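Residue numbers (the numbering used here): 493 to 801.
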Amino acid sequence: MEEWVVNADGCSPPSWSGNPMLKVSYQGEPGAYSESAALEFFGRNVALLPCSSFESAFDALENGYADRAVIPIENSLAGTIHKNYDLLLEHEKLHIVGEIDLRIRHCLIGLEGVELGDVKRVLSHPMALAQCNKYLEEHNFIREVTYDTAGSAKILREKNLRDAAAVASERAAELYALNILAADIEDEPENYTRFLVLSKQSYLPPADSQSKTSIAFSLKNTAGALFKALSVFALRDIDLTKMESRHLYSLRDDKVPEILKSARRWKYLFYLDFAASLADESAKNALRHLSEIAPFIRVLGSYRRSLTS
493 MEEWVVNADG
503 CSPPSWSGNP
513 MLKVSYQGEP
523 GAYSESAALE
533 FFGRNVALLP
543 CSSFESAFDA
553 LENGYADRAV
563 IPIENSLAGT
573 IHKNYDLLLE
583 HEKLHIVGEI
593 DLRIRHCLIG
603 LEGVELGDVK
613 RVLSHPMALA
623 QCNKYLEEHN
633 FIREVTYDTA
643 GSAKILREKN
653 LRDAAAVASE
663 RAAELYALNI
673 LAADIEDEPE
683 NYTRFLVLSK
693 QSYLPPADSQ
703 SKTSIAFSLK
713 NTAGALFKAL
723 SVFALRDIDL
733 TKMESRHLYS
743 LRDDKVPEIL
753 KSARRWKYLF
763 YLDFAASLAD
773 ESAKNALRHL
783 SEIAPFIRVL
793 GSYRRSLTS
C-alpha cells in the first residue's frame, strides 16, 4: 500500500503516473477513520491520498488525481455531516457509487513510557471528544481540539508530548508508534459512521432489495408540496431510508443551480435516500412523478447498500 502526504494546498499530486492501483482520496491524516473505511471497502491494494479538507478530497477526484473518494456523511451518535451534503450538490460531475458503515472504536493513545496517570490533557477532533465524554469526564482530562483524530496522534509524536494523549483509532496508534492506554472508550458501543464512495462514473446497481438511490430536490412553497413529493414513493411501496433538509444559503453562490437562484431566502433543498435502484422501473416512475412536483431534481447516485464493518 502506498500513501501520499498532505501538503498545504490540500492533496499531493501523484509522483508515479501509470500505477495501476486504484487511487482513493479522503480527508484526514493517515490513520484517520476515513482511511479505515477506504481500506475496508476497497481492500489494501489501493493508493491512498490523504487530504487536508473535505473540499480537497472532492477536488482531487474531480481533477483526476484520484479515481474514487471516500467521505463521511453521518454518524449514529453525532448526526449528519452537513458540509458534505453541500459538497455533493456542488460537485455535479461526481456520483455516489457505494457506501460503508464503519464501527468507530476510539482508543486513548500516548507515547511509549507514558502511563494513564501522566496524562493531563487529551487531543482530538471535537466529534471524537464528544463521543468519549463520559470517559474523559471520569478522568478529569483537559480537552484540546485538533483538526483530525489521526492528526492528534501525529501531533503527539512530532511534539513529543508526554503529559498528553490522543483519542484516535488503533490504526493511528500503530502508524505513529504510540501505545494504547485504553481501548473502546466511546460512550456508546453502537457508534457507526456511514461513508459514501464517490466516482466520476455513475453506477447502475441491480434492481433488488440491496440497492439504494440518493437524490436532491427542491419544492415550491405551496400547501402539501412535501406530502405530495413523498407520496410518489409511498404509492410504489418504495422505502425511504433517510431525509435531510438544507437551506439554500448553505451553498456557495456560484454552485447554486440556476433554477434556484432567485429569492433564496427561506428556500430549502431536500436530500433523500430510498431503497431502490434506478434500474427498477418503479423507482424511475417515482422520479418521473416527482419531476411534475419538484422544479429541481438531481440524482446523486444509485449504489449497493452498505457493507457493515
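Ideal placement from N, C-alpha and C gives every residue a C-beta, glycine not left out.
In this text, all values refer to a predicted model and were calculated from it rather than measured experimentally.
Roughly how many angstroms lie between the CA atoms of residue i and residue j, to the nearest whole one?
i	j	result
E630	A675	15 Å
Q693	S737	26 Å
Y525	N576	16 Å
G571	A642	21 Å
N555	K651	34 Å
H587	S545	19 Å
K585	F550	10 Å
R613	A664	18 Å
R797	L732	13 Å
I789	L770	14 Å
N537	Y518	16 Å
E494	R728	Unreliable placement is indicated for E494, whose pLDDT of 34 sits below 50; no coordinate value is reported for it.
A657	K515	32 Å
K759	L581	15 Å
L603	D610	11 Å
I785	K734	20 Å
H598	E666	14 Å
G605	R649	13 Å
By a C-beta neighbour count over all protein chains shown, 10 Å radius and 16 as the cutoff for buried, is residue i buried or exposed?
i	result
R757	Unreliable placement is indicated for R757, whose pLDDT of 49 sits below 50; the coordinate value is still reported in the next sentence. Per the 10 Å Cβ criterion, exposed.
L579	buried
G510	The pLDDT assigned to G510 is 43, lower than 50, so where the model puts this residue is not dependable; a value taken from the coordinates is nonetheless given after this. By the neighbour-count rule (16 or more Cβ atoms within 10 Å), G510 is not buried but exposed.
S783	exposed
S703	buried
L553	buried
R780	exposed
I707	buried
V637	exposed
G523	buried
I634	exposed
G535	exposed
Using DSSP's beta-bridge definition, name the partner residues of residue i.
i	result
S794	T705
A658	I601 and L615
D765	S706 and K734
I563	L688
N671	G602
T572	E566
Can we say the region 558 to 571 touches the region 525 to 534, given the rule of at least three CB pairs closer than 8 Å?
-> yes
Would you call the region 677 to 687 and the region 616 to 627 in contact, with 3 or more CB pairs under 8 Å?
-> Taking a cut-off of 8 Å on C-beta distances, the region 677 to 687 touches the region 616 to 627, as three or more cross pairs fall below it.
Within the region 580 to 641, ranges of the beta strand (DSSP E) (whole runs, at least 3 residues) | 587 to 595, 599 to 602, 613 to 616 and 634 to 637
Below 8 Å, can you find three or more Cβ-Cβ pairs linking the region 681 to 692 to the region 759 to 774?
-> no
Can you list, in chain order, the stretches of the alpha helix (DSSP H) that have 4 or more residues and sit fully within the region 513 to 549?
-> 525 to 534
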